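Residue numbers (the numbering used here): 2 to 809.
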Amino acid sequence: MRSQLTRHVLRRLLVHQAALPRCPLQSLPRPSTTRYPVGSRPARISQQRRTFLNFLQKPPRTLKAPDVEPGYEILLQYGSHDKENLRPPPREELLKGFREFFKYKRFNGRPVNSFQIQAAHKVFQYLLIPSTSEKGGDLSVADLRTARDTLLLLPPKDDPSVALNFSKALYHEIRNQITAPTRKASAAEKNLSFEAIRVFDLIPLVRTLSQNGRAIEARNLLSETWPQLSQASDIDMGRIKGLWTPVLRGLAREGREEDMLAFIETMRAEAGISYTQSVHEVVTRFYAQRDDVAKMKAAFAQPIEPNDPPRQITYSDALKCAIRNDESEWAISVYQDMANSIESLSNPNHVEQAITLLYQFAVLLMGKGPEYLDQMFKVQYEKYKLKPSMKTINAGIEAAIEKGDAYLAERLAALVPKLGLEPDRQFYSQQIDYRIAADDLDGAFTAYRSLQNFKSSGDDWPALNRLIRVLCMGSSPKHESILEITSFLEEQHANLEPDTVVSICMAFLKNDEQYEVIDTLSLHTIHLNLEDRQKICQAFVDYCLVKSNSTARVWDAYALIRQFFPDVKLESRVLIMDAFYDRKRADMACHVFGHMRQHSNKNFRPTAETYIRCLEGLGRCPDAESLKMVHNMLKMDTRIHLTTRVYNALMIAYTACEDVDRALDFWKEISRSQEGPSYQSLEIVFRAYEFSPFGVEAAQSLWDKVGKMEIEIPANVYTAYAGVLGAHSQLEQAKELLENMETEVHQRPQPTTLAVVYNALGNDDLKGDFEAWAKEQFPHIWSSLEKTRRKRDAEGLMRFQIIRPWKA
Numbered sequence: 002m003r004s005q006l007t008r009h010v011l012r013r014l015l016v017h018q019a020a021l022p023r024c025p026l027q028s029l030p031r032p033s034t035t036r037y038p039v040g041s042r043p044a045r046i047s048q049q050r051r052t053f054l055n056f057l058q059k060p061p062r063t064l065k066a067p068d069v070e071p072g073y074e075i076l077l078q079y080g081s082h083d084k085e086n087l088r089p090p091p092r093e094e095l096l097k098g099f100r101e102f103f104k105y106k107r108f109n110g111r112p113v114n115s116f117q118i119q120a121a122h123k124v125f126q127y128l129l130i131p132s133t134s135e136k137g138g139d140l141s142v143a144d145l146r147t148a149r150d151t152l153l154l155l156p157p158k159d160d161p162s163v164a165l166n167f168s169k170a171l172y173h174e175i176r177n178q179i180t181a182p183t184r185k186a187s188a189a190e191k192n193l194s195f196e197a198i199r200v201f202d203l204i205p206l207v208r209t210l211s212q213n214g215r216a217i218e219a220r221n222l223l224s225e226t227w228p229q230l231s232q233a234s235d236i237d238m239g240r241i242k243g244l245w246t247p248v249l250r251g252l253a254r255e256g257r258e259e260d261m262l263a264f265i266e267t268m269r270a271e272a273g274i275s276y277t278q279s280v281h282e283v284v285t286r287f288y289a290q291r292d293d294v295a296k297m298k299a300a301f302a303q304p305i306e307p308n309d310p311p312r313q314i315t316y317s318d319a320l321k322c323a324i325r326n327d328e329s330e331w332a333i334s335v336y337q338d339m340a341n342s343i344e345s346l347s348n349p350n351h352v353e354q355a356i357t358l359l360y361q362f363a364v365l366l367m368g369k370g371p372e373y374l375d376q377m378f379k380v381q382y383e384k385y386k387l388k389p390s391m392k393t394i395n396a397g398i399e400a401a402i403e404k405g406d407a408y409l410a411e412r413l414a415a416l417v418p419k420l421g422l423e424p425d426r427q428f429y430s431q432q433i434d435y436r437i438a439a440d441d442l443d444g445a446f447t448a449y450r451s452l453q454n455f456k457s458s459g460d461d462w463p464a465l466n467r468l469i470r471v472l473c474m475g476s477s478p479k480h481e482s483i484l485e486i487t488s489f490l491e492e493q494h495a496n497l498e499p500d501t502v503v504s505i506c507m508a509f510l511k512n513d514e515q516y517e518v519i520d521t522l523s524l525h526t527i528h529l530n531l532e533d534r535q536k537i538c539q540a541f542v543d544y545c546l547v548k549s550n551s552t553a554r555v556w557d558a559y560a561l562i563r564q565f566f567p568d569v570k571l572e573s574r575v576l577i578m579d580a581f582y583d584r585k586r587a588d589m590a591c592h593v594f595g596h597m598r599q600h601s602n603k604n605f606r607p608t609a610e611t612y613i614r615c616l617e618g619l620g621r622c623p624d625a626e627s628l629k630m631v632h633n634m635l636k637m638d639t640r641i642h643l644t645t646r647v648y649n650a651l652m653i654a655y656t657a658c659e660d661v662d663r664a665l666d667f668w669k670e671i672s673r674s675q676e677g678p679s680y681q682s683l684e685i686v687f688r689a690y691e692f693s694p695f696g697v698e699a700a701q702s703l704w705d706k707v708g709k710m711e712i713e714i715p716a717n718v719y720t721a722y723a724g725v726l727g728a729h730s731q732l733e734q735a736k737e738l739l740e741n742m743e744t745e746v747h748q749r750p751q752p753t754t755l756a757v758v759y760n761a762l763g764n765d766d767l768k769g770d771f772e773a774w775a776k777e778q779f780p781h782i783w784s785s786l787e788k789t790r791r792k793r794d795a796e797g798l799m800r801f802q803i804i805r806p807w808k809a
């Protein structure tokens with residue numbers, strides 16, 4: 002990430018005063034559709050006005066400060082300095098930032114995304130270099146272990162190799178430090194052997210490998226070190242054996258059936274691990290999630306050692322698999338066995354889990370309603386003296402949601418006051434879900450209001466994200482409700498999902514509320530990984546390409562892309578530039594091009610193809626000042642070689658801007674170059690001769706040279722030469738050329754060919770003469786052309802409304 006991220010996002014006090022770097026071009030006049038002060042709108046440049054009653058206006062609204070995690074700013078700063086070959090921040094600050102960042106993450110249980118891991122890894126590598134001239138010291142084993150344990154909180158969603166590489170680097174550095182002869186053991190390590198310490202450091206590495214798609218590597222590492230690990234007498238053997246389960250889960254997660262089954266046999270033979278609840282769960286769920294009913298049944302029937310019942314999640318996945326695959330008879334038998342076995346359960350937790358499952362699958366499997374569940378509550382109370390709880394009600398509502406029956410879920414929710422229960426956080430969270438499904442947005446928002454009375458949990462955040470997205474949909478989003486929920490989540494330090502960030506930004510862009518868009522991006526994009534940031538960025542790019550959006554709003558969206566996503570791809574920048582050309586705003590398009598040219602990262606600077614694309618755009622939408630700016634950039638760009646295609650593009654742009662003499666100068670450069678002209682060069686120069694006062698003589702001379710070379714002439718070049726003859730009132734020669742066209746280029750004149758000559762003629766008499774001749778010589782082609790609209794131009798001449806594309 003470039004330094005612009007640090008400058009624009011982390012220096013938050015200056016965000017509301019951000020201004021676009023000016024290209025060497027005059028200020029752009031753009032429409033203004035909002036009343037926010039200019040300084041608060043980094044996306045627009047509009048004329049300021051002072052009024053006598055200005056003091057009565059409300060002061061500018063301040064932007065929210067991004068929730069930057071401690072230490073993260075200095076990590077980003079090091080990355081930006083490293084990319085730009087600048088001196089890094091002081092070692093003492095980097096060390097402090099590294100410690101604070103991972104301590105904060107570890108203490109608050111917040112996962113580290115791949116982008117943050119990359120930033121921390123770079124600082125880690127720098128801090129490993131010993132330094133005698135700088136203060137600050139080195140990373141301790143405790144610092145390294147804190148960072149390592151933080152990476153285990155939640156695997157990154159995008160690229161697992163980033164976390165793996167960092168975890169391995171941390172593990173090796175820990176090993177190096179604990180084996181150093183000069184190191185003193187910490188208080189916690191004094192009574193432990195070296196093998197015991199090694200176990201403590203190996204466990205997180207095995208777990209990290211298993212979680213991030215490297216279960217085979219984790220298995221091999223565990224097998225190689227098991228003989229030594231099992232001999233560590235001062236470590237609880239149960240903790241050492243606990244290393245096998247994460248590896249087994251990793252193999253199942255990666256779909257490695259044979260390796261998973263072989264590993265179970267190895268667990269039994271080498272480690273003496275029996276077929277426990279955990280193993281039973283992994284195997285049964287593996288087949289259930291793949292709808293392999295036969296193997297799922299066999300795995301579910303395996304006895305568990307010691308004599309424990311299957312876990313609740315195992316029952317749930319097995320029964321749902323049976324329901325999906327029309328195995329209701331087997332599912333009902335399992336359901337009944339579960340109901341009959343409740344009396345034999347001695348563990349109160351097992352009893353509660355079993356009863357909860359009974360209620361859930363009474364709805365999901367048996368199709369029962371609230372009346373049946375109410376009767377079950379009475380029976381359970383008589384048998385086991387167990388009163389109904391919110392956990393059982395929530396399980397029933399969850400089943401109704403899974404069935405897609407919002408009405409049933411609402412009926413089950415009505416049991417809560419009837420049974421005298423107090424709704425909990427999960428109840429209202431589920432209520433939001435099923436009311437959204439029923440398109441009852443007011444009811445869902447009411448459930449959210451009730452949810453505010455409870456301490457927030459990460460379990461609620463997905464439902465609230467969905468509610469925000471639904472409220473953002475439609476032609477008239479509910480802005481106040483959106484802001485209320487968003488503010489609530491921000492107070493809870495919740496990170497919005499990327500789809501939610503997109504929905505909020507698009508809703509407020511349509512309402513010209515740039516403040517809210519900037520707040521949303523400032524607060525949430527800094528916590529996202531690269532993949533999620535690109536997803537949001539692409540949404541803004543797509544917004545810029547929608548033709549129905551106003552030019553002012555598109556410019557706002559583009560300015561936000563520059564501010565918050567400086568790493569947007571070059572291809573996307575080019576598409577935005579083309580979109581402004583299509584809107585007939587060459588000044589804006591060339592500003593976009595200028596921003597590419599000014600980018601400090603060479604990967605985002607324009608290539609020769611980008612220059613050609615920009616100059617072709619000026620051919621469609623001429624602007625002499627913009628052309629001057631782009632041409633100056635080209636002159637100073639030492640990376641661009643002036644090929645025939647680049648010269649062609651310059652001819653296009655200067656011809657469209659009515660500077661034909663300059664355009665013909667580039668034709669001379671092409672003629673003298675080693676590469677020489679292309680067919681496109683010939684078409685372009687003929688079109689330039691069309692506008693040149695003395696172009697007909699030069700065009701005829703060039704045509705004679707081409708004829709003598711005995712090369713095949715394409716139809717577009719032939720048509721361009723006919724246009725030159727028409728523009729210089731050589732009507733008879735143009736007619737003769739068109740009559741011989743089929744013989745010369747093996748193609749009859751097309752409607753576009755006739756339109757080019759007709760449009761080029763300089764007065765109505767010539768146009769009338771040509772029309773009469775064309776109707777006689779090419780009646781069908783002319784009748785097809787007449788379907789095209791004709792109107793008089795600024796000079797009063799009739800012209801067919803055709804588009805002649807410029808292509809270099």
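Quick reminder that beta carbons are idealized off the backbone N, C-alpha and C, glycines included.
What you are looking at is a predicted structure, and each value in this text was computed from that prediction instead of being measured.
Let me know the secondary structure DSSP gives Lys97 once reduced to three states. For the purposes of this step, residue 97 is taken as residue 96 along the sequence shown, with counting starting at 1. The answer is helix: DSSP assigns Lys97 an H, G or I state.
On the DSSP letters alone, give me the boundaries of the alpha helix (DSSP H) that Lys388 sits inside. Taking the sequence shown and counting its residues from 1, one reaches residue 388 at position 387. No alpha helix (DSSP H) holds Lys388; DSSP gives it neither H nor E.
Option in Arg149, Arg254, Glu610 and Arg614 with minimal Cα separation from Tyr288: In the sequence shown, the residue the question calls residue 288 occupies position 287. The shortest C-alpha separation from Tyr288 is found at Arg254.
Please determine, among Asp660, Asp662, Tyr722 and Ile641, the residue with the shortest C-alpha to C-alpha distance to Tyr680. Sequence index remark: in the sequence shown, residue 680 carries index 679 (1-based). Cα-wise, what sits closest to Tyr680 is Tyr722.
Could you check whether the segment 155-162 touches the segment 102-115, counting it as contact only if at least three pairs of C-beta atoms, one from each stretch, sit closer than 8 Å? yes
Anyone know if the C-beta pair for Val697 and His747 falls short of 8 Å? The count along the sequence shown starts at 1 and reaches residue 697 at position 696. The count along the sequence shown starts at 1 and reaches residue 747 at position 746. The answer is no: Cβ separation not under 8 Å.
Closest by C-alpha distance to Gly618, when choosing among Met637, Ile577, Thr639 and Lys603: The residue given as residue 618 occupies position 617 in the sequence shown. Cα-wise, what sits closest to Gly618 is Ile577.
Give the DSSP-derived three-state secondary structure of Leu77 in the structure shown. Sequence index remark: in the sequence shown, residue 77 carries index 76 (1-based). Leu77: helix per DSSP, three-state reduction.
Looking only at C-alpha atoms, which of Cys545, Ile356, Leu522 and Gln313 sits nearest to Phe565? The residue given as residue 565 occupies position 564 in the sequence shown. Looking at the Cα atoms, Leu522 is the closest of the given residues.
I'd like the list of long-range same chain contacts for Pro371, defined as Cβ closer than 6 Å, with 5 residues on each side in sequence excluded. Here residue 371 refers to the residue found at position 370 of the sequence shown. Closer than 6 Å at Cβ, skipping near neighbours: Arg412, Leu413 and Leu416.
Where does the unbroken beta strand (DSSP E) through Arg791 begin, and where does it stop? What you label residue 791 is simply residue 790 of the sequence shown in a count that begins at 1. Taken as a continuous stretch (DSSP letters only), the beta strand (DSSP E) holding Arg791 covers Arg791 to Arg793.
Ile804 - DSSP class collapsed to helix/strand/coil: Counting from one through the sequence shown, the residue named residue 804 turns up at place 803. Three-state DSSP puts Ile804 in coil, outside helix and strand.
For the pair the segment 594-609 and the segment 568-583, tell me if three or more CB-CB distances fall below 8 Å. yes
Starting from His173 and walking both ways along the alpha helix (DSSP H), at which residues does that stretch end? For this step, residue 173 is matched to residue 172 along the sequence shown. Its alpha helix (DSSP H) spans residues Pro161 to Ile179.
Test item: CB-CB of Arg208 and Ile175 under 8 Å: Stepping through the sequence shown from its first residue, residue 208 is reached at position 207. Stepping through the sequence shown from its first residue, residue 175 is reached at position 174. Not in contact: Arg208 and Ile175 (Cβ atoms no closer than 8 Å).
Would you kindly check if the distance between the Cβ of Ile519 and the Cβ of Cys538 is under 8 Å? Sequence index remark: in the sequence shown, residue 538 carries index 537 (1-based). Sequence index remark: in the sequence shown, residue 519 carries index 518 (1-based). Not in contact: Cys538 and Ile519 (Cβ atoms no closer than 8 Å).
Where does the unbroken alpha helix (DSSP H) through Thr487 begin, and where does it stop? Taking the first residue of the sequence shown as position 1, residue 487 is located at position 486. Counting along the chain, the alpha helix (DSSP H) containing Thr487 begins and ends at His480 to Glu492.
Just verifying my parser: in three-state terms, what is the DSSP assignment at Met799? One-based indexing of the sequence shown puts residue 799 at position 798. The answer is strand: DSSP assigns Met799 an E or B state.
So, Leu755 versus Leu786, is the Cβ gap smaller than 8 Å? Here residue 755 refers to the residue found at position 754 of the sequence shown. Here residue 786 refers to the residue found at position 785 of the sequence shown. Closer than 8 Å, so yes.
For Ala448, I'd like the list of residues in its chain whose CB is within less than 7 Å of its CB, leaving aside the five on either flank, ordered along the chain. By 1-based counting over the sequence shown, the position of residue 448 is 447. The residues are Tyr429, Gln432, Ile433 and Arg436.
Taking 7 Å as the limit between beta carbons, can you name the residues of its chain near Gln734, skipping five residues before and five after? Translated into the one-based positions of the sequence shown, residue 734 becomes position 733. Only Leu726 meet the Cβ criterion.
In angstroms with no decimal places, state the Cα-to-Cα distance between Arg23 and Glu626. Here residue 23 is taken as the residue at index 22 of the sequence shown, counted from 1. Here residue 626 is taken as the residue at index 625 of the sequence shown, counted from 1. Below a pLDDT of 50, predicted positions are generally treated as unreliable, and Arg23, at 41, falls in that range; no measurement from the model is reported.
Span separating the alpha-carbon of Gly273 from that of Gln229: Start at 1 with the first residue of the sequence shown, and residue 273 comes out as number 272. Start at 1 with the first residue of the sequence shown, and residue 229 comes out as number 228. Their Cα atoms are separated by approximately 16 Å.
Got a sec? Which residues, its chain only, sit under 6 Å from Gly80 by beta carbon, not counting five neighbours each side? Taking the first residue of the sequence shown as 1, we reach residue 80 at position 79. Result list for Gly80: Ala120 and Lys123, in chain order.
Which residue from Glu492, Asp441, Ser477 and His494 puts its Cα closest to that of Leu468? For the purposes of this step, residue 468 is taken as the residue at position 467 of the sequence shown. When only C-alpha atoms are compared, the closest one is Asp441.
Start and end residues, alpha helix (DSSP H) containing Asp150: Start at 1 with the first residue of the sequence shown, and residue 150 comes out as number 149. Asp150 -> alpha helix (DSSP H) spans Val142 to Thr151.
Taking Leu452 and Arg470 to be in contact with their CB atoms under 8 Å, please state how far apart those CB atoms are, rounded to whole angstroms. To locate residue 452, count along the sequence shown from 1; it is residue 451. To locate residue 470, count along the sequence shown from 1; it is residue 469. With a Cβ gap of about 17 Å, Leu452 and Arg470 do not count as contacting.
Answer with buried or exposed for Gln78, where buried requires no fewer than 16 other C-beta atoms within 10 angstroms of its C-beta. Here residue 78 refers to the residue found at position 77 when the sequence shown is read from its first residue. Looking at its Cβ environment, which holds 16 or more other Cβ atoms inside 10 Å, Gln78 is buried.
How would you write the range of the alpha helix (DSSP H) that His281 sits in, first residue to last? The residue you call residue 281 lines up with position 280 of the sequence shown. Counting along the chain, the alpha helix (DSSP H) containing His281 begins and ends at Gln278 to Gln290.
Straight-line Cα distance separating Glu737 from Tyr559: Residue numbering aside, residue 559 sits at position 558 when the sequence shown is read from its first letter. Residue numbering aside, residue 737 sits at position 736 when the sequence shown is read from its first letter. Distance between the alpha carbons of Tyr559 and Glu737 is about 52 Å.
Val283 versus Leu249: straight-line alpha-carbon distance, rounded: For the purposes of this step, residue 283 is identified with residue 282 of the sequence shown, where counting begins at 1. For the purposes of this step, residue 249 is identified with residue 248 of the sequence shown, where counting begins at 1. If you take the alpha carbons of Val283 and Leu249, they lie about 8 Å apart.
Integer Cβ distance of Pro310 from Leu346, believed to fall under 8 Å: In the sequence shown, residue 310 corresponds to position 309, counting from 1. In the sequence shown, residue 346 corresponds to position 345, counting from 1. Right, their Cβ atoms sit about 7 Å apart.
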